[in-house]
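Worksheet for the structure shown next.
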Amino acid sequence: VSYLEFSVILVFASVLAGALGAALGLGGGAVIVPLLTLGFGLSIHQSIGASVVAVVATSVGAAIAYVRDEKVNLRLAFFLEVATATGALVGAVVAVFLPERALQVMFGALLVLVAAQLFLRGKGTQQAALPSKKGVKRLAMEHHFTDEATGQKVAYEPRNRIAGFAGMIAAGLASALFGVGGGTVKVPVMDVLMGVPVKASTATSNFMIGVTAAASAIVYFQKGYVNPYVAGPIAVGIVAGSVLGARIANRASANALRAVFAVVLVGVGVEMILGLH
Amino acid sequence: LSGQGRTAEFPEYRFMAKWLPGLLATGAGCGLALVVAGWVLSLLSRGAYRLPYKLLASRRASYPTGFAQLYHQLLHHGAPAVGALGLLVLVATPVARVVMAFLYYACRRQLDFAAITLAVLALLALGGVVGFVI
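First to last, the protein sequences are chains A and B. Count the first sequence with the numbering used here and you get residues 9 to 285, in order. Count the second sequence with the numbering used here and you get residues 55 to 188, in order.
In structure tokens:
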């Protein structure tokens with residue numbers, strides 16, 4: 009396969025990954041890393057390096073819309089970014105030293121977990137918002153936004169900040185180890201542990217992904233795992249795909265898409281764990 | 055109240071809603087333009103489009119690995135370096151919004167959030183150092 013053919017395939021695959029990611033609320037890493045490792049035989053370190061840059065690109069695009077919507081809890085995001093950046097830094101260093109095969113097995117396991125989460129998300133849990141507490145305190149992070157679906161104002165104040173902070177270190181670690189956005193960890197941590205309504209936690213998670221992924225991308229770049237010949241076509245394709253995906257998401261049946269994608273993820277995850285390629 | 059009728063509790067929310075989208079769009083636009091330019095130049099230079107992809111995708115291929123090499127390659131033979139610069143601009147875009155937030159909080163003497171955003175910036179800078187050292 010020539011480089012021209014390779015880069016054209018990468019652009020189209022990344023458009024698909026970006027569209028699926030936007031439609032299902034995932035980053036493109038779950039598609040990009042298996043494609044590069046299983047499909048093209050690239051090293052998993054290089055695949056993760058390319059994926060993490062693509063994750064930054066999609067997060068920047070998503071953040072623009074979410075900030076305009078005012079659903080992002082900015083103060084909470086800045087606070088938790090200390091944790092995600094710490095986790096990402098540690099994760100990138102660990103990933104650099106981890107053997108290729110170990111990282112591949114761990115990535116396969118992650119795909120199976122993401123698939124399970126996609127099935128569960130289809131059941132549609134909705135976190136009730138907490139009332140905002142009165143009074144001035146250190147690091148005030150209360151927030152409220154208007155839910156377009158109901159037309160009602162949703163007010164809340166994040167609780168369990170220490171536990172949430174610890175959870176975000178894990179999210180950063182996962183993001184850097186696997187070249188994913190880490191939204192699959194961030195959203196449940198904010199939603200379940202911290203009592204942040206799911207729409208605000210999704211928006212805040214997307215906003216934070218850019219900084220989380222940037223922390224590890226810098227390490228991967230310095231180590232030579234961000235190859236512009238690979239990461240360039242992917243970044244272009246994934247941004248185009250995420251714009252497309254946001255439009256498709258409103259038309260396609262999210263549940264059907266989720267079920268199909270979950271089955272594919274389980275298959276690819278098992279293949280990576282067993283090393284069948 | 056913001057222009058869209060939604061409420062935001064803290065003054066920086068309105069500031070960020072006004073300036074952040076422009077900053078992020080500019081960073082993403084510049085980064086992607088450089089990535090596309092680097093990609094096209096890479097395809098055209100020295101008949102790279104005909105080469106087996108594994109040759110270019112391997113670590114031994116001539117693309118910059120680190121800031122010093124990036125600077126050197128930008129000055130001498132540019133194609134992959136232009137693409138790498140574009141990728142770095144993309145990566146730097148969310149970092150720029152942390153800088154913006156830090157400056158906002160520091161100018162208004164909100165020391166708690168100024169310290170938080172500064173800690174994030176310190177961690178990102180540490181990433182550059184750690185990647186160089188290990």
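Where is the CB? At the ideal position from N, CA and C, for every residue including glycine. In this text, all values refer to a predicted model and were calculated from it rather than measured experimentally.
Is residue i helix, strand or coil when you go by DSSP?
i        : result
A/Tyr164 : strand
B/Thr4   : This structure gives no information on residue 4 of chain B, because the portion of chain B shown stretches from 55 to 188.
B/Leu180 : helix
A/His151 : strand
A/Pro139 : In this predicted model, A/Pro139 has a pLDDT of only 49, less than 50, meaning its place in the structure is not dependable; the value taken from the coordinates is given anyway. DSSP places A/Pro139 in coil when its eight states are reduced to three.
A/Val144 : Since pLDDT at A/Val144 reaches only 43, below the 50 mark, its modelled position is unreliable, and no value is offered.
A/Val23  : helix
B/His126 : helix
A/Thr66  : helix
A/Pro107 : coil
A/Asn81  : coil
A/Lys231 : coil
At a Cβ threshold of 8 Å, is residue i touching chain A?
i        : result
B/Thr80  : no
B/Arg162 : no
B/Val143 : no
B/Tyr125 : no
B/Leu105 : yes
B/Tyr158 : no
B/Tyr96  : The amino acid occupying residue 96 of chain B in the given sequence is Ser; Tyr does not appear at that position. Answer yes: the Cβ-Cβ gap between B/Ser96 and chain A drops below 8 Å somewhere.
B/Ala87  : no
B/Gly92  : yes
B/Gly137 : yes
B/Gly120 : yes
Name the DSSP bridge partner or partners of residue i?
i        : result
A/Thr192 : Paired residues: none, contrary to the question.
B/Pro106 : A/Ser10
So is residue i in contact with chain B if we call contact Cβ pairs under 8 Å?
i        : result
A/Phe20  : no
A/Lys207 : no
A/Pro139 : Unreliable positioning characterises A/Pro139 in this predicted model, as indicated by a pLDDT of 49, which lies under 50. A coordinate reading is not provided.
A/Gly187 : no
A/Lys142 : Only weak support exists for where A/Lys142 lies, its pLDDT of 48 falling under 50; the coordinates are left without a value.
A/Gln125 : no
A/Lys231 : yes
A/Phe87  : yes
A/Ser15  : yes
A/Thr2   : As shown, chain A starts at 9 and ends at 285. That puts residue 2 of chain A outside it, with no answer to give.
A/Pro241 : yes
A/Gly218 : yes
A/Ser67  : yes
A/Val41  : no
A/Leu50  : yes
Going by C-alpha to C-alpha distance, which of the options sits closest to residue i?
i        : options                                : result
A/Leu181 : A/Thr92, A/Asp77, A/Glu279, A/Gly36    : A/Thr92
A/Asp155 : A/Tyr74, A/Val274, A/Thr45             : A/Tyr74
A/Met298 : A/Gly36, A/Phe173, A/Phe186, A/Asn168  : With chain A represented from 9 up to 285, any question about residue 298 of chain A goes unanswered, as that position is not in the structure.
B/Leu175 : A/Lys161, A/Val162, A/Val90            : A/Val90
A/Val61  : A/Phe229, A/Phe269, A/Ala264, A/Ile281 : A/Phe229
A/Gly95  : A/Ala31, A/Phe186, A/Leu44, A/Glu78    : A/Phe186
B/Tyr117 : B/Val152, B/Pro65, B/Gly92, B/Gly181   : B/Gly92
A/Asp77  : A/Phe269, A/Gly283, A/Ala211, A/Ala223 : A/Ala211
A/Val197 : A/Gly99, A/Val41, A/Leu84, A/Ile281    : A/Leu84
What does residue i touch in chain A if you count any residue whose Cβ is under 8 Å from its own?
i        : result
B/Leu154 : The question names Leu, yet the displayed sequence has Met at residue 154 of chain B. Residues of chain A passing the Cβ test: none, with the nearest at roughly 11 Å.
B/Leu74  : Ala71, Ile72, Val75
Output, in chain order, the set of chain B residues within a Cβ distance shorter than 8 Å of residue i.
i        : result
A/Ile226 : Val145, Leu178, Gly181, Gly182, Gly185
A/Leu84  : Within chain B, no residue comes near A/Leu84; the closest Cβ sits about 11 Å away, beyond 8 Å.
A/Ser213 : None at all; the shortest Cβ gap to chain B is about 13 Å.
A/Leu97  : Leu177, Leu180, Gly181, Val184
A/Val244 : Leu86, Val89, Val90, Trp93
A/Ala223 : Leu177, Leu178, Gly181
A/Val247 : Ala82, Leu86
A/Val23  : Those within 8 Å of A/Val23 in chain B number zero; the least Cβ separation is about 14 Å.
Going along chain A, which residues have a C-beta under 7 Å from residue i?
i        : result
B/Tyr67  : Glu78, Leu82
B/Ala173 : Val90
B/Leu110 : Tyr11, Tyr237
Note down, in chain order, every chain B residue with its Cβ under 9 Å from the Cβ of residue i.
i        : result
A/Leu147 : Asp166, Phe167, Ile170
A/Val116 : It is Gly, not Val, that sits at residue 116 of chain A in the sequence shown. In chain order: nothing, as chain B lies at least about 22 Å away.
A/Val104 : Gly185, Ile188
Using a Cβ-Cβ cut-off of 8 Å, state whether residue i counts as contacting chain C.
i        : result
A/Tyr164 : Although the question refers to chain C, the structure presented lacks it and instead comprises the protein chains A and B.
Can you pull the chain B neighbours of residue i, defined as C-beta to C-beta under 7 Å?
i        : result
A/Val61  : Leu141, Leu144, Val145
A/Val204 : Near A/Val204 there are no residues of chain B at all, since even the closest Cβ is about 14 Å away, more than 7 Å.
A/Leu252 : None at all; the shortest Cβ gap to chain B is about 15 Å.
A/Val101 : Val184, Ile188
If you measure from the CB of residue i, is any heavy atom of the ligand GDP nearer than 7 Å?
i        : result
A/Lys194 : The ligand GDP is not among the ligands present in this structure, which contains no ligands whatsoever.
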